[in-house]
Structure formats: C-alpha cells, structure tokens
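I have placed the structure first, in the form of structure tokens, so that the comments after it can refer back to it.
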Amino acid sequence: MENSAIFTDFYSLTMAQGYWKNNRAERAVFEMFFRYQPFGSGYSIFAGLETLLQRLSSFSFSAEDIAYLKSLNVFENEFTDYLKTFSFNGSLWAMDEGTVVFPQEPLIRIEGSLIECQIVEGLILNTINFQSLIATKTCRLWLASGKGQVMEFGLRRAQGPDGAVSASRAAFIGGACGTSNTFAGKTFGIPVMGTMAHSWIMSFDSEEEAFESYASLYPDRSIFLIDTYDTLKSGIHNAIKVGKKLAAQGKNFGVRLDSGDIHYLSMEVRRMLDNAGLNKAFITVSNDLDENIIETLVKEGAPVDSWGVGTKLVTGGQASALTGVYKMAAMLPGKSLKEQIPVMKFSDNPEKTTNPGVKQVWRVKNKNGQAITDVLGIDDGSGEPDAPKEGQSYSFWHPSADYRHFQHTIDGVVQPLLKKRIDCGAFTGTQPSLKEIKAHAAADLESFDSTYKRLLNPHVYKVSITNKMRALKLDLIQKHLTLNTAR
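With our numbering, letter number 268 in the sequence shown gets 268, and the count goes up by one each step, no holes.
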C-alpha cells in the first residue's frame with residue numbers, strides 16, 4: 001500500500017485526468033507548509049523526509065490499481081493506460097530532516113508536471129504531517145524532562161500498524177532514547193526497551209518469586225514493576241530483597257511505577273532504596289504522562305530517572321494533526337525559473353492567503369549563532385536570488401504583507417534551508433542515518449532562545465518575507481481587487 005500511487009485523495013486523480021484530457025503539459029511548483037504550531041508550541045520539528053523519499057522512489061500504479069480505477073467508471077481507458085507508466089520524474093527540494101521549523105515557510109518544494117505534482121500531494125501530506133507532529137510532541141516531552149531519558153511506549157495505542165511504526169521513527173528524531181516497538185527497532189535500528197507487565201507478576205504465587213525469576217533470566221536488565229498489589233507495602237520491599245542479591249553480584253536494577261501519585265511514590269521509593277544501600281538503583285515511571293506532567297514532576301524534584309510515554313506521544317495528545325497544506329506557488333511555462341508565473345490563493349482569512357512564487361527560506365542568525373528570523377524570498381534560479389546577505393540592513397516584513405515589519409542588520413550567518421533532494425526523478429546526495437537526523441534536531445534546537453521552547457506562552461519566532469516578495473504579493477492582491485471591481 002505504501003508505494004501505491006492510488007494512496008492519494010480521489011480529487012488528485014480526477015484533476016490529473018482533466019489535465020491529461022486537456023493536454024495540460026505545463027510544469028508547476030507546489031509547496032508544503034503548515035499554518036500554525038501544534039500544542040501551542042513555539043516550534044516544530046520537521047520529520048518524515050527520508051520515509052517520503054523512499055516511497056517516492058517506487059510510487060507507481062500496479063496492475064491491480066489500474067483495474068480498480070477502471071472499475072469506478074470514472075476514468076477513460078487511455079488515461080488509465082497513461083497511468084501504467086507513471087512515476088515521479090519531478091524535482092524536490094526540502095529542508096534537512098530534524099530542522100526546527102515554523103508556520104508559513106515551505107518545508108518541501110515540488111517542481112514537475114501538473115499531473116505528477118497533483119498525484120503526490122496525499123503522500124507528501126500524510127507522511128510529513130504525522131511524523132512532524134510526533135517528533136514535535138516528543139521533543140516537548142524530552143525538553144520537559146530536562147533532556148532526560150524518554151522512552152516511547154505507544155505501540156498498543158497508536159493509530160494502526162503504520163501509525164505505530166512511523167511514530168517510533170519520529171519519536172526517536174524528537175528525542176526519545178528508545179521504543180517498545182520491536183518491529184520499529186529492527187527496521188530503524190532504534191534501541192528497544194521494556195521488561196515486564198503486571199501479568200508476569202500475577203502468573204506467580206508471589207511477587208517476590210516473580211522478581212526472582214525475572215532477575216535470574218535478565219540479571220543485567222532487570223526493572224521490577226512494583227505497583228501490581230501495593231507499591232509501598234509490598235512491591236518495593238520485594239524489589240529490595242531481590243535487588244540486594246543482584247547488587248551482591250555487581251549488578252544494578254530499576255523499579256517502575258505505573259500508577260498512583262508519581263511524585264509521592266517516587267520520593268518514598270527513592271528513600272527506601274537509599275536506606276537499603278541501593279543508591280544506584282533507578283526509578284522509571286509511566287501512566288498516561290505528557291509534557292506538562294513531566295515538567296511539573298521535574299520542578300517538584302521527583303527522583304525519576306526515566307519516563308515511559310505511550311498514548312499522548314504516539315497519538316499527538318491534544319493535537320490530532322499538524323496543519324500542513326500543499327499549495328501551488330507558480331506555473332512554469334518555460335524551463336527557467338526566471339520565466340515563472342507566480343500564483344497565490346486568496347482568502348477572507350489572512351492566514352489562508354498564500355505567498356506567491358518559487359521560494360527559498362533563509363535562516364538569519366546573529367554573531368552568537370542564535371536564530372533571529374526565517375526569511376522567505378523569491379528564488380528565480382539565477383544564482384543571485386532574493387537572499388539576505390551578511391553585513392546588510394533589511395526591513396523584514398510579516399508574511400501577511402501588512403504594515404508589520406522590523407529592521408535588522410545581519411551580523412551572523414545566513415543559511416539557505418531548502419536543498420535539492422531529487423532532480424528530474426533522480427536522487428541527489430546521500431541520506432543521513434536516523435541517529436544523524438536525531439543529532440541534527442538536538443543541535444538545531446540549541447540555536448534558539450529558551451523563550452521559544454517553553455511550554456507556557458512561548459515567544460513567537462519571526463517568519464518574514466523580503467521586500468521583493470512583499471511587493472509581488474501586494475501587486476497580485478491589487479490585480480485581484482482590480483479584476484473583481486471591473487466585474
């Protein structure tokens with residue numbers, strides 16, 4: 001299913017047939033961006049690019065797909081014959097996976113025929129929206145824990161098998177140290193984690209016997225679940241008994257809390273472990289955690305060493321989706337971007353009015369390496385694009401093209417964020433490993449002030465447009481108003 005080209009919204013195919021029927025061979029540029037931050041966050045993490053590139057490499061219509069489309073009695077035989085040889089032969093630009101990103105800026109740019117640009121829409125949005133949402137959620141959890149050990153335990157609560165696997169990958173990018181999903185561990189090389197369930201303990205005659213048996217099997221990775229019957233009156237006492245035997249062998253162990261008042265119980269468990277001379281024993285907790293609970297526990301000094309998060313990580317919790325959209329930015333009547341015809345969507349809602357033209361995104365930093373603003377400007381392919389330059393002073397405008405702007409003299413580096421990944425259907429460069437993507441996400445976060453990363457009322461990072469783009473946008477708006485007035 002993943003690489004079947006019928007993994008798209010039906011309207012993409014009906015429009016594709018319309019383009020084909022009317023000999024619409026023109027090329028176009030589309031962009032994928034999102035409109036506002038999930039979770040009330042001050043940032044998001046771009047994820048899913050490698051998955052998308054892999055799927056695009058073999059995105060095609062099988063014989064079964066063609067037979068199904070014919071059965072709908074909507075598509076002409078000549079069009080379905082055309083689809084038999086369909087593959088993505090366009091070009092794709094994207095930011096580095098793991099990059100910290102913001103609303104309105106293109107994360108991905110597609111150049112190709114109208115038909116191929118339209119058919120890949122669903123795949124792009126499905127892949128990037130979900131993985132970026134989960135990577136962002138995990139990053140919030142990780143930062144809330146003080147960059148501690150966050151384990152992704154969400155397989156059983158994820159939205160289907162692909163949701164579980166994609167969530168594990170994205171969670172690792174966002175800061176998770178491992179996953180309970182064994183298949184994802186095998187597929188992506190993510191460390192797999194987990195010990196026992198309550199059923200293990202309930203299957204023995206006593207809690208102590210259950211811990212003893214587990215310790216004999218896994219002396220180097222024992223974590224005892226201590227809340228099956230009574231955490232403080234039973235579980236921790238039996239864990240200490242077995243733990244002392246492990247300590248005598250030079251082994252360490254941990255205990256897990258999965259219910260109750262995590263702050264109170266963790267404090268009491270830590271005290272009892274220390275009194276027993278088991279200072280190195282660690283405490284891990286689970287139980288419907290989210291970033292707000294974790295941040296509160298950390299601030300109150302709960303002695304928790306690692307956090308197992310499931311439901312509210314892999315489902316996104318209070319945010320069900322990233323608001324990613326896919327919009328046309330320009331038509332290309334010729335081969336050169338200099339000949340582009342910028343287009344834009346108008347709306348009564350300013351946030352739904354798009355920015356016209358083929359764009360590059362530049363991240364402007366100060367002399368200390370801190371990000372100041374991301375700037376959208378026109379890319380005409382000339383080698384001298386609408387790029388901010390170090391040492392120059394600029395007016396950077398709000399994307400809505402209204403009066404809001406700020407003046408800034410660039411005293412640091414200016415980084416172009418969109419890079420070519422596919423050129424006329426052929427992949428360019430090499431893909432980083434998942435560990436490298438994870439490392440990039442962590443490093444990129446460091447270039448942003450802490451005010452953008454706080455959970456409560458984060459500072460809004462400036463995404464701006466250049467003078468040239470603002471002038472283009474205002475010109476198109478004026479032409480639109482003049483046309484409507486004439487009518």
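Quick reminder that beta carbons are idealized off the backbone N, C-alpha and C, glycines included.
Query	Result
Inter-residue Cα distance where the pair is T80 and I66	6 Å
Reference E121; option with closest CA among V285, F7, V413	F7
Candidates F46, D227, F183: closest to M196 by CA position	D227
Beta-ladder partner(s) of A330, from DSSP	V29, P342
Which residues DSSP lists as bridging Q360, in chain order	G377
The region 148-167 in contact with the region 464-474 per 3-pair CB rule at 8 Å	no
Top-ranked residue by Cα proximity to M344, from S393, V29, P333	V29
Distance between G334 and N73 (C-alpha atoms, nearest Å)	35 Å
Three-state secondary structure assigned by DSSP to G250	coil
G316, enclosing alpha helix (DSSP H) - first and last residue	Neither: G316 is in no alpha helix (DSSP H) and is coded neither H nor E.
With 16 other Cβ atoms within 10 Å as the buried cut-off, status of Y461	buried
Neighbour flag for F282 against chain C, beta carbons, 9 Å	Among the protein chains of the structure shown there is no chain C, as only one such chain exists.
Beta carbon of K147 nearer than 9 Å to that of A171	no
Proximity to P106 [Cα-Cα], best of K453, P416, S320, H440	P416
9 Å Cβ cutoff met for F224 and A248	no
Residue closest to T85, alpha-carbon to alpha-carbon, out of P103, F61, S71, G185	F61
S168 versus G174 - alpha carbon distance	10 Å
Among F204, S12, G317, nearest to I115 - alpha-carbon criterion	S12
Segments assigned alpha helix (DSSP H), at least 4 residues, entirely inside the region 108-133	114-119
Same chain only: Cβ atoms within 7 Å of N366, ignoring 5 sequence neighbours per side	I372, D411, G412
C-alpha distance - L489 paired with L322, whole-angstrom precision	Residue 489 lies beyond the residue range present for the chain, which begins at 1 and ends at 487; the question has no answer from this structure.
Nearest-angstrom Cα separation, counted from G425 out to S91	6 Å
Exposure of F130, with buried meaning 16 or more beta-carbon neighbours within 10 Å	buried
Burial state of Y19 (16 or more Cβ within 10 Å)	buried
Alpha-carbon spacing of R109 relative to W93, whole angstroms	5 Å
Cβ neighbours of A24 in the same chain (closer than 6 Å, five flanking residues each side left out)	First, the residue type needs correcting, since residue 24 is Arg and not Ala in the sequence shown. The residues are L114.
Segment limits, alpha helix (DSSP H) that includes D162	160-174
F183: first and last residue of the uninterrupted alpha helix (DSSP H) it sits in	182-188
Terminal residues of the alpha helix (DSSP H) in which Y19 lies	10-21
Nearest-angstrom beta carbon gap, A47 and S132 [assumed within contact, 8 Å]	5 Å
L49 beta carbon less than 9 Å from that of D9	no
Three-state secondary structure assigned by DSSP to H405	strand
Secondary structure, alpha helix (DSSP H): runs of 4+ residues fully inside the region 278-313	291-299
The alpha helix (DSSP H) enclosing A67, as first and last residue numbers	63-71
Length of the line joining the Cα atoms of D374 and I134	23 Å
Rounded C-alpha distance that separates V242 from E212	6 Å
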